[in-house]
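Undergrad:
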Amino acid sequence: MYRASLDRPLLLALLLIAVPAAAALAAPATPTATTTTTKPAKPTAPAAAAPAKDAKPSVAQRMRPNGPVTVTATSVDWAKNGLMVYTGDVKLSSDTLNLDGDRLELEQLGDGQYKAKVTGAPAHLQHMGGEPDAQGEADPPVTARGKTLIYDSKNGIADVIGDARVTRGEDEITGQTIHYNVNERRIQAVGGSGGQVRIVIQPNSKNVDAPAPKPPAAKTTQP
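In structure tokens form, the structure reads like this:
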């Protein structure tokens, strides 16, 4: 019978290779660590604070004309295009703003808004003052007069044109054209044709020092 024979050095080399390989096959597999990344939750925005029930409206909100508008006149011509022309002792009244003159052209703009053009000799505007604040200070009433008044309720602007004069409390401003922002109670004036704007500001009576009392007259002694 034929028997294969191996040299001793070669046999030892094969054993050295086979033993580690067998050990590696028999060794249990080492588990692999797995890392799971979780996206951090998005921060929740804080809830908006509910408005205080007793919060008072701003001066601009209180002074903005609201509610129904009443117009009185001697006669009216109501055209098909929505333009109404009033003549004779015309008065336009709302809760905080009043206009009057000889003639009124009233154009309805939709959504309850309107544009009024009042002419007169002169035409007048009256805007009521505000209520006193916590410091006891109140927004003074505003009056205006001119040959023409144009008021647009949509943007809250009143234009006083021709010999215009506007007073705010005791202060006065005159010019050819004056723009009055009814909602913000802001006044802008233009002299026109090289003319100048004239402003008269009265001192605040609270800041005016009272005259010093007169010293008492010296008493004379009869000898």
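Number 218 marks the last residue of the sequence shown (the working numbering); no jumps.
Heads up, the beta-carbon is just placed ideally off N, CA and C, and yes, glycines get one too.
#1: When you compare only the Cα positions, how much space is there between Asp90 and Gln191?
#2: Does the region 125 to 136 come close enough to the region 99 to 106 that 3 or more CB-CB pairs lie under 8 Å?
#3: Between Leu94 and Leu120, what straight-line distance do the alpha-carbon atoms span, to the nearest angstrom?
#4: Keeping to the same chain, check which residues put their C-beta closer than 6 Å to that of Ile145; ignore five residues upstream and five downstream.
#5: Less than 8 Å between the beta carbons of Val195 and Ile182, yes or no?
#6: Spatial neighbours of Thr67 within its chain, please: CB distance less than 6 Å, with the 5 preceding and 5 following residues excluded, ordered by chain position.
#7: Check this for me: beta carbons of Gly151 and Gln171, under 8 Å apart or not?
#8: Taking the straight line between their C-alpha atoms, what separation do you get for Asp84 and Lys142?
#9: Classify Thr69: buried if its beta carbon has 16 or more other beta carbons within 10 angstroms, exposed otherwise.
#10: When DSSP labels each residue in this structure, what does Ser88 get in the three-state scheme?
#11: Just tell me which of Ser188, Glu165, His174 and Met79 has its CA closest to the CA of Tyr109.
#12: Near Asn176, what residues of its chain come up, given a Cβ to Cβ distance below 7 Å and the 5 sequence neighbours on each side ignored?
#13: Keeping to the same chain, check which residues put their C-beta closer than 6 Å to that of Gly96; ignore five residues upstream and five downstream.
#14: Let me check one thing: in DSSP terms, what residues is Ser70 bridge-paired to?
#15: According to DSSP, is Asp166 helix, strand or coil?
TA: The short version:
#1: 34 Å
#2: no
#3: Separation of Leu94 and Leu120 (C-alpha to C-alpha, rounded to the nearest whole angstrom) is 5 Å.
#4: Lys112 and Asp154
#5: no
#6: Around Thr67: Lys86.
#7: One thing to note: Gly151 has its Cβ no nearer than 8 Å to the Cβ of Gln171.
#8: 15 Å
#9: Around the beta carbon of Thr69, fewer than 16 other beta carbons sit within 10 angstroms, so the residue counts as exposed.
#10: strand
#11: Met79
#12: Excluding positions up to five away in sequence, the list reads Gly151 and Ile152.
#13: Val85, Val113, Thr114, Gly115 and Ala118
#14: In the DSSP assignment, Ser70 forms a beta bridge with Thr82.
#15: It is a strand residue.
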